[in-house]
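Residue numbers (our numbering): 2 to 111.
C-beta atoms are modelled at their ideal positions from N, C-alpha and C, and glycine is treated no differently.
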C-alpha cells in the first residue's frame, strides 16, 4: 500500500511540474514580440507583484512636499544629479591607465 501511495504522489508531482513548465512555455510564446508582456510573465513566474503606490508626500531637506508636480521635480532632480554627485566622491588614483592596457600590434581578421 505504501509503495502505491508513493508512486501516486510521484506521478502527481511530475504531472504538476510538467503542467507548470508547459504553462510557462505557452505564456512566453503568447508574449512574444511584446517586452511588456514578457516582463509581466517573468514577474508573475517569480511571484512579483506590481507596486502601484502613489507617493503623496516627499521630504526634501526637511521640507515636506505634497504637490504632485513638485514631487515629480524633486525625483527628477535627485535622479538626474545623483550620478555626478557620487562620481565626485570617488577618490582619484595616481596610477596610469596604460598599465592596464596593452598596445595592439596586430589586426584580427575573420
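Looking only at its chain, what residues have a beta carbon closer than 8 Å to the beta carbon of residue i, apart from the 5 residues adjacent to it on each side?
i: residue 67; result: 57, 58
Name the one or two DSSP bridge partners that residue i has.
i: residue 60; result: 65
Closest to residue i by CA distance: which of the options is it?
i: residue 55; options: 69, 42, 21; result: 69
i: residue 61; options: 75, 48, 53; result: 75
Please list, in chain order, all residues of the same chain as residue i whose beta carbon is under 7 Å from its beta carbon, the five residues on each side excluded.
i: residue 42; result: 28, 29, 32
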